[in-house]
Amino acid sequence: MTPADGQTINSDISKFIGGLKPLPAFVHFSPPKIGPGEVAAVTEALTSGWLTTGPRAERFEKVMAEHLGTDGVVALSSCTAALQLGLKVMGLGAGEAVITTPLTFVSTAHAAVYNGARPFLCDVSADTGNLDPERVLEFLERECEVDSRGLPVHRKTNLTVRALVPVHYGGHPVDLGKLWPIAARFGLGILEDAAHALGTGLNGLPVGHPGHRPMEASGLASLAAFSFYATKNVATGEGGLLTASDPAMLARARKLSAYGITDARRIWERYSPRGTWAYDVDEIGFKANFTDIQAALGLVQMSRLGEFLDQRAQNARIWSEAFAGLGDLVELPEVRDGAVHSWHLYPLRLRPGALRISRDEFIMALKALNIGTSVMFIPIHYHTCYRGWLGYGEGDLPVAEDFFAREVSLPISPAHPPEVIAEAAELAARLLRQNAR
Ligand SMILES: Cc1ncc(COP(=O)(O)O)c(C=O)c1O
């Protein structure tokens, strides 16, 4: 069976599909929305005489800083790089640890490991899938002891916890109002994984805005890492961005993103008539800079962010309306008071007790009906590289595990016209209805 034609339906799946007819064309999970403006801007960048980090990347950073209401940002090659460098400039290292969520992409956990540190996992809230502040507090109070510097040290491993790394899962803001007082009490910095959170807001401020950190935590590091990966709310193919409360941290992240060259801001000017060949490297850095080709694409995408977010919200509404009559067959994503959802994901959860189709069979049936989906996320502690090492087993993080077991992310990209999403949603609702117990 090829997903695109949906003609040859696996017999096991056909019993769930019954008489339903596939959509005429495959609805991809999360295609980017690229128009003539993007094509023209990239073409212009390609013929400008300069391809890598340069004036367009600088302009992109200005636009992003304005959008987020912050003084400075550094654009990077990926969110993974932003997370890695964010933790590095916070000073994280060997003998130390961070607390993060199991319901995330592996990058969030990898970032700690790249710095020689370890991720501890705390469970998520059942409504949002976001790191649950109650579980974080419980971990710090029950499993750690505060040392002479006021930092929590994990009793069993003797690792010092230095930071919280929450994720704004799917674009729903994590409860920073509850996490910051915990961070302040234990002297922890916060690095937000904002990969899904371009367009996400909380209490009237965008995620990434410095105003989320309360006065009581003013001495603590506050950073956020965004993604412009191909499926994200603004897509540059690959790309990321770091914000930081401390300008010195941001300057160091910039330097480290370009090998450690001390005057990294305007490396590109070295080749101009004003430039010089000389440079110095005072610290061994990485190669994680953002190119002008990416920036050209990103600038046009950012000018359309409002349009994209409206369409994502509209597509999410279409799914919710189609499922509204299904009662307890499914659990729909909800938005808490004070939260602005960026609708990066539409995470539907099935109620297996009410259905005779499993989550995996539902995904296969949707594929046969030409509807692309994904599952967000396979919990961190299920991956082979973390399974033995972190010491968590199945059942240790029950809310995240249950979330994963029942979750299907449905297509809401603004590249899909609402009529297409409406057809897909109607078909998916019929599929569920005819497979109710
Ligand atoms: C929650 C989360 N964090 C980090 C990343 C990594 O982003 P990037 O691909 O830009 O490195 C992703 C990517 O999908 C993600 O979903």
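So my numbering is basically just the index in the sequence shown, starting at one, shifted up by 509. For glycine and all other residues, C-beta sits at the position ideal for the given N, C-alpha and C. Computed from a predicted structure; not experimentally measured.
Original post:
By Cβ distance, which residues of its chain are closer than 6 Å to Glu792, with the 5 residues on each side in sequence left out?
Top reply: Working through the sequence shown from its first residue, we reach residue 792 at position 283. Cβ neighbours of Glu792 beyond the five flanking positions: Gly769.
**OP:** Pull up the distance between the alpha-carbon of Asn742 and that of His705, whole angstroms please.
**Re:** As a working note, residue 742 is residue 233 in the sequence shown. As a working note, residue 705 is residue 196 in the sequence shown. If I take the Cα positions, the gap works out to 7 Å.
Subject >> Selected residue, minimal CA-CA separation from Phe538, among Met573, Lys571, Ala739 and Leu560 >> reply: In the sequence shown, the residue the question calls residue 538 occupies position 29. For Phe538, the nearest C-alpha among the options comes from Ala739.
**OP:** State yes or no: is the C-beta of Ala744 within less than 7 Å of the C-beta of Ser586?
**Re:** Translated into the one-based positions of the sequence shown, residue 744 becomes position 235. Translated into the one-based positions of the sequence shown, residue 586 becomes position 77. Not in contact: Ala744 and Ser586 (Cβ atoms no closer than 7 Å).
Original post:
If you follow the alpha helix (DSSP H) that Arg783 is part of, which residue opens it and which one closes it?
Top reply: By 1-based counting over the sequence shown, the position of residue 783 is 274. First-last for Arg783: undefined, no H or E at that position.
Original post:
How many angstroms separate the CA atom of Pro856 from the CA atom of Glu910?
Top reply: What you label residue 856 is simply residue 347 of the sequence shown in a count that begins at 1. What you label residue 910 is simply residue 401 of the sequence shown in a count that begins at 1. So the alpha carbons of these two residues sit roughly 14 Å apart.
**OP:** Enumerate in chain order the residues of its own chain whose CB-to-CB distance from Thr552 is below 7 Å, with the five nearest sequence positions on each side excluded.
**Re:** The residue you call residue 552 lines up with position 43 of the sequence shown. So no residue of the chain qualifies.
Original post:
Would the C-beta of Phe735 count as close to ligand 1, meaning under 6 Å from any of its heavy atoms?
Top reply: Position 226 of the sequence shown holds residue 735. Result no, Cβ not under 6 Å from ligand 1.
**OP:** Taking only runs that begin and end inside the region 613 to 677, name each unbroken beta strand (DSSP E) of 3 or more residues, in chain order.
**Re:** 627 to 630, 653 to 655, 661 to 663 and 669 to 674
**OP:** Inspect the beta-carbon positions of Ala726 and Ala767 and report whether they are closer than 7 Å.
**Re:** Stepping through the sequence shown from its first residue, residue 726 is reached at position 217. Stepping through the sequence shown from its first residue, residue 767 is reached at position 258. Going by C-beta atoms, Ala726 is not nearer than 7 Å to Ala767.
Original post:
For ligand 1, any of its heavy atoms closer than 6 Å to the Cβ of Cys631?
Top reply: Residue numbering aside, residue 631 sits at position 122 when the sequence shown is read from its first letter. Checking every heavy atom of ligand 1 against the Cβ of Cys631, none is found closer than 6 Å.
Original post:
With respect to 6 Å, is the separation between the Cβ of Tyr891 and the closest non-hydrogen atom of ligand 1 below this value?
Top reply: Translated into positions along the sequence shown, residue 891 becomes position 382. For ligand 1, not one heavy atom lies less than 6 Å from the Cβ of Tyr891.
Original post:
So, is Pro756 buried or exposed, given that buried needs 16 or more other C-beta atoms within 10 angstroms?
Top reply: Counting from 1 along the sequence shown, the entry for residue 756 is found at position 247. Answer is exposed; the Cβ neighbour count stays below 16.
Original post:
Buried or exposed: Val645, going by 16 or more other Cβ atoms within 10 Å of its Cβ?
Top reply: Here residue 645 refers to the residue found at position 136 when the sequence shown is read from its first residue. Val645 should be labelled buried.
Subject >> Endpoints, beta strand (DSSP E) assigned at Ile608 >> reply: Here residue 608 refers to the residue found at position 99 of the sequence shown. From DSSP, the beta strand (DSSP E) with Ile608 extends over Glu605 to Thr609.
Original post:
Ile759: which of Val572, Pro782 and Met599 sits nearest, CA to CA?
Top reply: Here residue 759 is taken as the residue at index 250 of the sequence shown, counted from 1. Residue 759 is actually Leu in this sequence, not Ile. That would be Met599, whose Cα lies nearest to the Cα of Leu759.
Original post:
Distance, Cα to Cα, Asp656 vs Ala591?
Top reply: Residue mapping note: residue 656 aligns to position 147 of the sequence shown, counting from 1. Residue mapping note: residue 591 aligns to position 82 of the sequence shown, counting from 1. So the two alpha carbons sit approximately 29 Å from each other.
Original post:
Are the Cβ atoms of Arg682 and Val716 separated by less than 7 Å?
Top reply: For this step, residue 682 is matched to residue 173 along the sequence shown. For this step, residue 716 is matched to residue 207 along the sequence shown. Looking at the sequence itself, residue 682 is Pro, so the reference to Arg does not match. Closer than 7 Å, so yes.
Original post:
In whole angstroms, what separates the C-alpha of Arg821 from that of Glu652?
Top reply: Looking up residue 821 in the sequence shown gives position 312. Looking up residue 652 in the sequence shown gives position 143. Cα to Cα, Arg821 sits roughly 41 Å from Glu652.
Original post:
What are the complete alpha helix (DSSP H) segments, minimum 4 residues, inside the region 724 to 774?
Top reply: 756 to 766
Original post:
So what does Ser883 bridge to, in DSSP terms?
Top reply: Against the sequence shown, residue 883 aligns to sequence position 374. DSSP lists Ser918 as partners of Ser883.
**OP:** Pull up the CB-CB distance for Thr613 and Cys631, whole angstroms please, since I reckon it's below 8 Å.
**Re:** Counting from one through the sequence shown, the residue named residue 613 turns up at place 104. Counting from one through the sequence shown, the residue named residue 631 turns up at place 122. That belief does not hold up - the Cβ atoms of Thr613 and Cys631 are roughly 12 Å apart, past 8 Å.
Original post:
How would you call Leu685, buried or exposed, if buried means at least 16 neighbouring beta carbons within 10 angstroms?
Top reply: Position 176 of the sequence shown holds residue 685. Burial call: buried.
**OP:** Alpha carbon to alpha carbon, how far is Asn879 from Asn624? Give it in angstroms, no decimals.
**Re:** Looking up residue 624 in the sequence shown gives position 115. Looking up residue 879 in the sequence shown gives position 370. C-alpha separation (whole angstroms): 42 Å.
Subject >> Inter-residue Cα distance where the pair is Asp521 and His925 >> reply: What you label residue 521 is simply residue 12 of the sequence shown in a count that begins at 1. What you label residue 925 is simply residue 416 of the sequence shown in a count that begins at 1. One C-alpha to the other measures close to 29 Å.
Subject >> Residue from Ala672, Thr589, Asn712 and Val676 whose Cα sits closest to the Cα of Gly696 >> reply: The residue given as residue 696 occupies position 187 in the sequence shown. When only C-alpha atoms are compared, the closest one is Ala672.
**OP:** Under the assumption that Phe668 contacts Ala733 (Cβ atoms under 8 Å), give the Cβ distance between them as a whole number of angstroms.
**Re:** Within the sequence shown, the letter at position 159 stands for residue 668. Within the sequence shown, the letter at position 224 stands for residue 733. The sequence shown places Leu at residue 668, not Phe. The Cβ separation is near 24 Å, so there is no contact.
Original post:
Where do the N-terminal and C-terminal ends of the alpha helix (DSSP H) with Leu895 fall, by residue?
Top reply: Along the sequence shown, read from residue 1 onward, the residue named residue 895 stands at position 386. The amino acid occupying residue 895 in the given sequence is Tyr; Leu does not appear at that position. Start and end: Thr893 to Leu899.
Subject >> Same chain, Cβ closer than 7 Å to Gly546, neighbours up to 5 away in sequence not counted >> reply: Locating residue 546 in the sequence shown gives position 37, counting from the first residue. Cβ within range, chain order: Val809.
**OP:** To the nearest angstrom, report how far apart Pro719 and Gln943 are at their CA atoms.
**Re:** By one-based count along the sequence shown, residue 719 stands at place 210. By one-based count along the sequence shown, residue 943 stands at place 434. One C-alpha to the other measures close to 49 Å.
Subject >> Buried versus exposed, by CB contacts within 10 Å (16 or more), Gly515 >> reply: Counted from its first residue, the sequence shown places residue 515 at position 6. Confidence at Gly515 is low in this model, with a pLDDT of 39, below 50, so the placement of that residue is unreliable and no value is reported for it.
**OP:** Compute the minimum distance between the beta carbon of Phe614 and the heavy atoms of ligand 1, and state whether it is under 6 Å.
**Re:** The residue given as residue 614 occupies position 105 in the sequence shown. Phe614 Cβ: within cutoff of ligand 1.
Subject >> Expected contact under 8 Å - CB spacing of Phe764 and Gly794 to nearest Å >> reply: On the sequence shown, position 255 is the one that residue 764 refers to. On the sequence shown, position 285 is the one that residue 794 refers to. The question names Phe, but residue 764 is Lys in the sequence shown. Lys764 to Gly794, Cβ: 6 Å. Contact.
Original post:
Is the CB-CB distance between Cys588 and Ser731 below 7 Å?
Top reply: What you label residue 588 is simply residue 79 of the sequence shown in a count that begins at 1. What you label residue 731 is simply residue 222 of the sequence shown in a count that begins at 1. Result no, Cβ atoms of Cys588 and Ser731 do not sit closer than 7 Å.
Subject >> Spatial distance of Leu936 from Leu577 (CA atoms) >> reply: One-based indexing of the sequence shown puts residue 936 at position 427. One-based indexing of the sequence shown puts residue 577 at position 68. If I take the Cα positions, the gap works out to 38 Å.
**OP:** From the DSSP output, in three-state form, read off Pro861 for me.
**Re:** As a first step, residue 861 must be located in the sequence shown, where it is residue number 352. Of the three classes helix, strand and coil, the one that applies to Pro861 here is helix, per DSSP.
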